[in-house]
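All residue numbers for the sequence shown refer to the working numbering, where the first residue is 14 and numbers rise by one. Notes for the one structure printed next.
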Amino acid sequence: MNKIHIMYLAISILLLSGCAIVRPGEAGIKTTLGKVDDKVLAQGPKLYFPFTSRVIKLPVRTENIEIAVDLPSKEGLTIRSDISILYRLETESVVKVYQDVGLNYEQTIILPIFRSAASDVSAQFFAKDMHSGERASIERRIQTLMTERLEGRGIIIESVLMKSIKLPDGLSRAIEDKLEAEQRAQQMQFILDRERQEAQRKKVEAEGVRDAQMIITEGLNPMIIQFMSIEAFEKLAESDNTKVIITDGKSPFLIEQ
C-alpha cells in the first residue's frame with residue numbers, strides 16, 4: 014500500500030467519523046469545543062469536524078415512560094397504580110432542553126413533576142373513585158397539572174394513562190360486593206317494571222272487553238234479542254243431532270220434523 018492510498022484511507026476515515034445522520038423522529042444539536050450551537054439540526058446527513066465538534070441527537074417522537082407508583086387517596090389510603098406517561102420534546106426547543114436539563118430529562122424533570130402532580134390530584138379523590146368512572150378525570154387532571162408545571166421547558170405531555178389500580182384488599186372486596194348488589198337491584202327493578210307493564214296491559218285489555226260488552230248490552234232491545242234467539246234456534250234445528258229444544262217459555266221451541 015503506497016502513501017497515496019494511505020492518505021485516501023485516512024481522509025475517508027476522517028470524513029466518516031465527521032458525519033452524523035439525523036433520522037426521522039430526531040433533532041440534532043451541534044457542539045463545538047463545548048459550546049452549544051443555537052441552530053437545531055433537521056433530518057439528513059450532517060458534517061462536522063470530529064476533533065472539535067460533535068452532533069448530539071435527541072428524539073422528538075412520542076416517548077412512553079411506564080412507572081408504578083403509590084398514590085394517596087382522600088381518606089388516607091395508599092393506592093398502587095401502573096401508569097404510562099406519553100410525552101415528546103418540542104423540536105424547536107431541544108437546544109433549550111439540552112442546555113437546561115441535559116440528556117437525562119426523564120429522571121431529572123419529567124418523573125419528579127409527575128410524582129408531585131399525581132399525588133396532588135389523587136389526594137382529592139376517594140379510593141373507590143379511582144376504581145370507577147373518575148379514572149379518566151384523574152388522568153386529565155394529572156396531565157393538565159404536569160403541563161402547567163412544565164410550561165416553557167420544551168416538553169409536551171400528551172397523555173397520562175392509569176393502566177391498572179390496586180386497592181387495599183378489604184376495600185376492593187367491599188366495592189365488588191357493592192357493584193354486585195347494585196346489579197341485583199337493577200335486575201329486580203327490571204323484573205318489577207316488566208310485571209307492572211304486563212299488569213297494566215291486562216288491565217287495559219279487561220277494560221276494553223268490559224266496555225265492548227257494555228256497548229253491546231246497551232244497544233240490544235227485546236226485539237233484537239228475540240230475533241237473534243230465533244236465528245240461533247233455526248241453526249240448531251238444522252243440525253242432524255238436534256231432537257228437542259226446550260226454552261224458558263219466553264222463546265219459541267223447535268221440534269225436528
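Where is the CB? At the ideal position from N, CA and C, for every residue including glycine. Remember, predicted model here, so these are calculated numbers, not experimental data.
Alpha carbons only, please: which of the options is nearest the one belonging to residue i?
i: Thr75; options: Lys216, Glu218, Ala212 and Glu39; result: Glu39
i: Lys179; options: Leu46, Ser94, Leu84 and Thr44; result: Ser94
i: Leu163; options: Gln56, Pro63 and Lys109; result: Lys109
i: Cys32; options: Val49, Ser66, Asp50 and Leu46; result: Ser66
i: Ile170; options: Ser97, Lys43, Gly221 and Gln137; result: Ser97
i: Gly354; options: Val49, Glu161, Arg223 and Gln213; result: Outside the displayed span of the chain (14 to 270) sits residue 354, for which this structure offers no information.
i: Arg154; options: Arg223, Ser172, Ile123 and Glu208; result: Ser172
i: Gly47; options: Ile204, Phe203, Gln213 and Ile69; result: Ile69
i: Val134; options: Met227, Ser150 and Ile168; result: Ser150
i: Ile123; options: Ala140, Leu90, Ile168 and Phe139; result: Ile168
i: Tyr61; options: Lys52, Thr44 and Ala55; result: Thr44
i: Leu90; options: Ala136, Gln213 and Asp224; result: Ala136
i: Phe127; options: Lys141, Glu161, Glu218 and Leu205; result: Glu161
i: Lys52; options: Arg36, Pro37, Ser106 and Val82; result: Ser106
i: Asp83; options: Gln199, Glu211, Ser177 and Gln213; result: Ser177
i: Ser165; options: Asp113, Arg36, Glu218 and Gln56; result: Correcting the residue identity first, residue 165 is Gly in this sequence and not Ser. Gly165 has its Cα closest to that of Asp113, out of Asp113, Arg36, Glu218 and Gln56.
Helix, strand or coil, according to DSSP, for residue i in the structure here?
i: Glu171; result: strand
i: Leu124; result: helix
i: Tyr100; result: strand
i: Val53; result: strand
i: Val68; result: strand
i: Ala136; result: coil
i: Ala33; result: strand
i: Gly221; result: helix
i: Lys109; result: helix
i: Glu269; result: For Glu269, the predicted model reports a pLDDT of 47, less than 50, meaning its position is unreliable; a value from the coordinates is still stated below. Glu269: coil per DSSP, three-state reduction.
i: Glu147; result: coil
i: Leu60; result: strand
i: Glu119; result: helix
i: Lys87; result: coil
Is it the case that the Cβ atoms of residue i and residue j are separated by a distance below 7 Å?
i: Ala130; j: Met159; result: yes
i: Ile282; j: Pro58; result: No answer is possible for residue 282: the residues shown for the chain start at 14 and end at 270.
i: Asn77; j: Leu102; result: no
i: Ser132; j: Pro63; result: no
i: Met143; j: Ile80; result: no
i: Tyr118; j: Ile42; result: no
i: Lys216; j: Phe138; result: no
Spell out the partners DSSP gives residue i in its beta bridges.
i: Ser94; result: Val82 and Ile178
i: Glu39; result: Pro72
i: Lys48; result: Thr45
Taking Cβ positions only, does residue i come closer than 7 Å to chain C?
i: Phe138; result: Of the chains in the structure shown, none is chain C; there is only one protein chain.
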